[in-house]
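Chains as they are written, first to last, in the working numbering: chain X, 6 to 266; chain B, 12 to 211.
Yeah, the Cβ is synthetic: ideal placement off N, Cα and C, and Gly gets one too.
If you're wondering where the values come from, they're calculated on a predicted model, not measured in any experiment.
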Amino acid sequence: MGWVSQLWQGTYIAAEGMWALIALGAFALLFISLTVHAMANRPFAIRPLAAADRIRSAFARATETGEEVQVMLGSGALGTAATLDTTAGLYLASYLARRAALAEVPVRVRVGEATALAGALAALQRGAVAAGYPEVFDPAQAEFVAPLPFAYALGVADAMRRAPLAANAVVGRFGAEALLPIVAGIAQGTPQAGGTSDPAMLPLFVGTVEAPLLGEEVYAMGAALGEGSHTGSLATQDVFRALIAFGILLGAILALLRRFA
Amino acid sequence: MRRAVPGLVALAAGAVVLLDFFLENPLLDAVGASLLDGAVILGACALLLGLVNLLMVHERRIRRREPGWATSVVILASALASLTLGLVAWQTPAFAWFYRYLLFPLEASAGALLAFAVAQALVHAWRLGRLEGTLLLVVGLVVLLGSLPMSGWLERAGAVRDWLVAVPVLAAVRGLLVGVALGAVATGLRLLLWVDRPYE
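If you want it as structure tokens, here you go:
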């Protein structure tokens, strides 16, 4: 066991890091137990997400019209701070590809970053394979529009004006440039749903998209689209959110009492 | 086995980088830094995939004479021209000129369009008749007025803007950030613990 102590030598953890690690450990334990419970038994009940319902109904309409369903992933890269938002968009792309393979609805994923393109190709292929029709996967379903945010936004807006869409799902990391294709969608009368986790960008989505995803709702898309295992993580989030809210309330009450004492 | 090995590698890499974030250890630091460097190199390689995809998508559009195929000709020509310029004239004034006088002004022009898009979006939000839309329009106008150098009674718009930003907006953003942070941790754990494999 000498090598273990040698490996451990010089290891240091700051006090704030220790508390964060303990909190993460507690979160992970609850997450594992609730996820296992959701997978083994019945998924936890969740409140309906308007964006997921909107995408489902638009997809159903697309099976009749034959129009494309578009997923905009934005300019976020995998491996950066945008990974989780982009992953949420990839999950949606995979879900739509699975349903599209069965219903013969064209799905187009437009990305503005190369690592997201690799992820989109894999997600689309995975969806087609999961549906049992791997041959319907076409690499051109994922489209690398441009690596610069505004060039990406203008490219997507131009594509939306050229061919009408059955639906536009905007899920990923976006800046204000996302308004350009969204406004193009409004002009075309395209049903649009989506959002981003960046609070600064939320007003743009609330005002323009019929079914906006607010903050952490972006990460709840999987559960809302029927992925039972995701409900375990939502339940974990709810428990911790309640604890944090309780802590904030308690702190506020104690601060008030101290002031009047 | 074909699915398990990449998953286990991803799990181990994620665990090492996560531990490296919390612990100060020379070996973990070195391994974590190498893994992050590897991710950057892989990201750079993905650009090649992006270029191939761009060529493939637009070549197909031109071949099939799809709507907007003329734009695809311009995109292909521009992509190949900038690629050639980058390979042949790297670190020359011509390359810098391309960025300074072509690419940046085009980006800035696209940015200028945003003002019109925001105005159109605000009007759309109001026309939808939703409470959020009307609220957004009113608050947007107050913040806009409050940011202008006004005198007289309009000066009060500045105080209203400051209160809006410091009290209700800040409270809402903090609440959202708590939710986003918890959602981010949960999504990260789903990926790390292999519950979720969206891009397997």
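Take residue i as the anchor and find which of the options has the nearest alpha-carbon.
{"i": "residue 151 of chain B", "options": "B:176, B:162, B:23", "result": "B:176"}
{"i": "residue 230 of chain X", "options": "X:179, X:141, X:101", "result": "X:101"}
{"i": "residue 95 of chain B", "options": "B:109, B:206, B:45, B:21", "result": "B:109"}
{"i": "residue 149 of chain B", "options": "B:44, B:205, B:133, B:159", "result": "B:133"}
{"i": "residue 230 of chain B", "options": "B:158, B:50, B:119, B:129", "result": "Since the first and last residues shown for chain B are 12 and 211, residue 230 of chain B lies out of range."}
{"i": "residue 99 of chain X", "options": "X:114, X:85, X:108, X:154", "result": "X:114"}
{"i": "residue 208 of chain B", "options": "X:227, X:220, X:208", "result": "X:227"}
{"i": "residue 81 of chain B", "options": "B:69, B:91, B:35", "result": "B:69"}
{"i": "residue 119 of chain B", "options": "X:182, X:264, X:234", "result": "X:182"}
{"i": "residue 187 of chain X", "options": "B:29, B:129, B:90", "result": "B:129"}
{"i": "residue 69 of chain X", "options": "X:53, X:174, X:110", "result": "X:110"}
{"i": "residue 193 of chain B", "options": "X:196, X:209, X:163, X:244", "result": "X:244"}
{"i": "residue 207 of chain X", "options": "B:204, B:191, B:198", "result": "B:191"}
{"i": "residue 171 of chain X", "options": "X:258, X:217, X:219, X:74", "result": "X:74"}
{"i": "residue 153 of chain X", "options": "X:117, X:174, X:169, X:163", "result": "X:117"}
Starting from residue i, trace the alpha helix (DSSP H) both ways and give me its first and last residue.
{"i": "residue 268 of chain X", "result": "Chain X is shown only over 6 to 266; residue 268 of chain X falls outside these bounds and no answer can be derived."}
{"i": "residue 35 of chain B", "result": "Taken as a continuous stretch (DSSP letters only), residue 35 of chain B belongs to no alpha helix (DSSP H), as it is neither H nor E."}
{"i": "residue 131 of chain B", "result": "115-138"}
{"i": "residue 156 of chain B", "result": "142-158"}
{"i": "residue 175 of chain B", "result": "167-175"}
{"i": "residue 94 of chain X", "result": "88-108"}
{"i": "residue 195 of chain X", "result": "Run containing residue 195 of chain X: none; DSSP gives neither H nor E here."}
{"i": "residue 86 of chain B", "result": "80-99"}
{"i": "residue 108 of chain B", "result": "104-109"}
{"i": "residue 207 of chain X", "result": "207-213"}
Cα separation between residue i and residue j?
{"i": "residue 140 of chain B", "j": "residue 215 of chain X", "result": "12 Å"}
{"i": "residue 72 of chain B", "j": "residue 200 of chain B", "result": "41 Å"}
{"i": "residue 211 of chain X", "j": "residue 144 of chain B", "result": "7 Å"}
{"i": "residue 134 of chain X", "j": "residue 241 of chain X", "result": "31 Å"}
{"i": "residue 149 of chain X", "j": "residue 186 of chain B", "result": "35 Å"}
{"i": "residue 60 of chain X", "j": "residue 198 of chain X", "result": "7 Å"}
{"i": "residue 49 of chain X", "j": "residue 151 of chain X", "result": "40 Å"}
{"i": "residue 178 of chain X", "j": "residue 255 of chain X", "result": "35 Å"}
{"i": "residue 174 of chain B", "j": "residue 122 of chain B", "result": "29 Å"}
{"i": "residue 138 of chain B", "j": "residue 131 of chain B", "result": "10 Å"}
{"i": "residue 1 of chain B", "j": "residue 165 of chain B", "result": "Absent from the model: residue 1 of chain B. The displayed extent of chain B is 12 to 211, so no value can be given."}
{"i": "residue 101 of chain B", "j": "residue 93 of chain B", "result": "11 Å"}
{"i": "residue 176 of chain X", "j": "residue 86 of chain X", "result": "15 Å"}
{"i": "residue 131 of chain X", "j": "residue 146 of chain X", "result": "13 Å"}
{"i": "residue 155 of chain B", "j": "residue 222 of chain X", "result": "29 Å"}
{"i": "residue 33 of chain B", "j": "residue 25 of chain X", "result": "8 Å"}
{"i": "residue 266 of chain X", "j": "residue 251 of chain X", "result": "22 Å"}
{"i": "residue 57 of chain X", "j": "residue 201 of chain X", "result": "14 Å"}
{"i": "residue 143 of chain X", "j": "residue 17 of chain B", "result": "24 Å"}
{"i": "residue 166 of chain X", "j": "residue 116 of chain B", "result": "24 Å"}
{"i": "residue 28 of chain X", "j": "residue 36 of chain B", "result": "21 Å"}
{"i": "residue 29 of chain B", "j": "residue 33 of chain X", "result": "13 Å"}
What residue range does the beta strand (DSSP E) around residue i cover?
{"i": "residue 47 of chain X", "result": "That residue, residue 47 of chain X, is in no beta strand (DSSP E); it is neither H nor E in DSSP."}
{"i": "residue 1 of chain X", "result": "This structure leaves residue 1 of chain X out entirely; chain X is present only between 6 and 266."}
From the DSSP output, in three-state form, read off residue i for me.
{"i": "residue 187 of chain B", "result": "helix"}
{"i": "residue 269 of chain X", "result": "Any question about residue 269 of chain X goes unanswered here, given that chain X covers just 6 to 266."}
{"i": "residue 242 of chain X", "result": "helix"}
{"i": "residue 181 of chain X", "result": "helix"}
{"i": "residue 79 of chain X", "result": "strand"}
{"i": "residue 17 of chain B", "result": "helix"}
{"i": "residue 124 of chain X", "result": "helix"}
{"i": "residue 73 of chain X", "result": "strand"}
{"i": "residue 170 of chain X", "result": "strand"}
{"i": "residue 201 of chain X", "result": "strand"}
{"i": "residue 206 of chain B", "result": "coil"}
{"i": "residue 230 of chain X", "result": "coil"}
{"i": "residue 186 of chain X", "result": "helix"}
{"i": "residue 61 of chain X", "result": "helix"}
{"i": "residue 111 of chain X", "result": "coil"}
{"i": "residue 28 of chain B", "result": "helix"}
_Taking beta-carbon pairs under 7 Å, can you tell me which members of the stretch 30-41 of chain B lie near chain X?_
Across the stretch 30-41 of chain B, CB contacts with chain X closer than 7 Å involve 33, 34, 35, 36, 37, 38, in sequence order along the chain.
*asked:* Under 7 Å, CB to CB, which of the residues in the stretch 198-218 of chain X have a partner in chain B?
replied: Against chain B - using a Cβ distance shorter than 7 Å - the residues of the stretch 198-218 of chain X are 202, 204, 208, 209, 211, 212, 213.
*At a Cβ cut of 8 Å, what residues of the stretch 189-202 of chain B count as close to chain X, listed as they run along the chain?*
So the list reads 189, 190, 191, 193, 194, 195, 196, 197, 198, 199, 200, 201, 202, given in the order they occur along the chain.
*Using a beta-carbon distance cut-off of less than 9 Å, what residues from the stretch 114-141 of chain X approach chain B?*
The residues in question are 116, 118, 119, 120, 121, 122, 123, 124, 125, 126, 127, 128, 131.
*Just by C-beta distance, which residues in the stretch 112-137 of chain B are closer than 7 Å to chain X?*
Those would be 118, 121, 122, 124, 125, 128, 129, 131, 132, 133, 135, 136, in chain order.
*Residues of the stretch 78-95 of chain B with a CB closer than 9 Å to any CB of chain X: list them in chain order, please.*
Look at the stretch 78-95 of chain B: the residues with a C-beta under 9 Å from a C-beta of chain X are 78, 79, 82, 86.
_Which residues of the stretch 168-195 of chain X have a Cβ closer than 8 Å to any Cβ of chain B? Give them in chain order._
Against chain B - using a Cβ distance shorter than 8 Å - the residues of the stretch 168-195 of chain X are 168, 181, 182, 184, 185, 187, 188, 191.
_Contact set between the stretch 150-180 of chain B and chain X, restricted to residues whose Cβ is under 7 Å from the partner_ = Residues passing the 7 Å Cβ filter: none.
_Residues within the stretch 57-69 of chain B neighbouring chain X, beta-carbon criterion of under 7 Å_ = Listed by position, the residues of the stretch 57-69 of chain B near chain X (Cβ gap below 7 Å) are 57, 58, 60, 61, 64, 65, 67, 68.
_chain X contacts made by the stretch 43-58 of chain B, where a contact means CB separation under 9 Å_ = Hits within the stretch, in order: 47, 50, 51, 53, 54, 55, 56, 57, 58.
*Cβ-based contacts, 9 Å cut-off: residues of the stretch 219-242 of chain X near chain B*: Those residues of the stretch 219-242 of chain X that come within reach of chain B (Cβ to Cβ, closer than 9 Å) are 219, 220, 221, 222, 223, 224, 225, 227, 232, 234, 235, 237, 238, 239, 241, 242.
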